[in-house]
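Below is one structure, written out as structure tokens, with a few remarks after it.
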Amino acid sequence: MKKSVVLAALGLVLLASVVVTIKMACADDPANRADAARERVTPVLNSFLGLCGAKVGDPVFLRAVKEDSMLELWVKPGNAERYVLAKRYPIAAWSGELGPKEKEGDRQTPEGFYEVEPSGLNPRSNYHLAFNIGYPNAYDRSLNRTGSFIMVHGSDVSIGCLAMTDPGIEEIYTMVEQALVHGQKSVPVQIYPFVPTPARLLKEKNSPHAAFWADMARAWDWTERTHTPARMNAVDGRLVVDEQ
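Per the working numbering, the very first residue in the sequence shown carries number 2; after that it's consecutive.
As structure tokens, then:
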């Protein structure tokens with residue numbers, strides 16, 4: 002009798018061990034990585050999003066500042082017309098210098114105005130989770146800028162991308178993914194060299210990128226004023242805010 006009880010107990014322990022192993026394997030499976038991340042972070046996200054009347058699945062846009070190594074998550078709650086700044090995430094790594102990316106292989110993190118589409122989501126990334134920002138955009142192509150596979154991803158290393166750490170990208174990826182799932186056509190990603198105050202632009206007036214940064218400053222001011230992401234048009238080699 003005692004022997005059978007012991008064997009039964011050992012069987013239960015073995016079964017529990019197998020279940021845990023299977024769950025761990027599933028969580029590590031790239032096919033399930035985004036699902037596992039979403040399950041982990043959604044309660045945390047909704048806890049602070051609820052303070053501004055928002056939730057996971059609402060429209061979002063991202064605004065990054067290279068010099069400050071900071072990425073902002075903006076969310077538009079429910080049927081609101083304006084976005085609110087929901088959270089700031091430290092950027093673990095970006096690469097290159099202040100200034101736009103110009104060619105494939107220059108290891109430069111881009112600056113400009115990009116869009117994440119559903120096809121850009123990569124839950125199987127070697128850097129945990131990632132999404133493609135869509136570089137080069139139409140403006141970049143008009144200037145013959147080249148490059149590809151510029152991502153916002155996990156980990157803490159970068160060769161032209163924005164590395165957000167694995168915990169950081171789980172929240173950011175979930176917000177972007179779920180906004181797209183719930184009907185947002187694309188998610189704006191705006192990458193600035195620095196906060197473009199008048200004083201800072203004056204300091205950079207002799208930079209070869211001064212005109213580009215001045216154009217970017219108008220987009221920054223638009224967002225500060227309207228709490229919406231600026232839409233930019235390329236006109237004669239310059240960027241102009243679409244105020245429609």
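Glycine included, each C-beta is placed from N, C-alpha and C at the ideal position.
With residue i as the anchor, note down where its beta strand (DSSP E) starts and where it stops.
i, result
"E116", "G113 to V117"
"K204", "From DSSP, K204 is part of no beta strand (DSSP E) but of the alpha helix (DSSP H) over P199 to K204."
"Y90", "V85 to P91"
"R239", "R239 to V242"
"N234", "M233 to V236"
What does the Cβ neighbour count give for residue i, buried or exposed, with the cut at 16 atoms within 10 Å?
i, result
"T227", "exposed"
"T52", "Looking at the sequence itself, residue 52 is Leu, so the reference to Thr does not match. Per the 10 Å Cβ criterion, exposed."
"M25", "Its pLDDT being 44, under 50, M25 is placed unreliably by the model, and the measurement read from it follows with that caveat. Label assigned to M25: exposed."
"L186", "For the record, residue 186 in the displayed sequence is Lys; it is not Leu. Label assigned to K186: exposed."
"F49", "exposed"
"R34", "buried"
From the DSSP output, in three-state form, read off residue i for me.
i, result
"A26", "Any reading at A26 is ruled out, since the residue's pLDDT is 43, under 50, leaving its predicted position unreliable."
"M176", "helix"
"N207", "coil"
"L144", "coil"
"F49", "helix"
"E73", "strand"
"L122", "strand"
"A94", "strand"
"E82", "coil"
Looking at the strands, I want to know which residues DSSP matches up with residue i.
i, result
"V57", "In DSSP, V57 forms no bridge with anything."
"H154", "A131 and A164"
"P189", "E116"
"F62", "W75"
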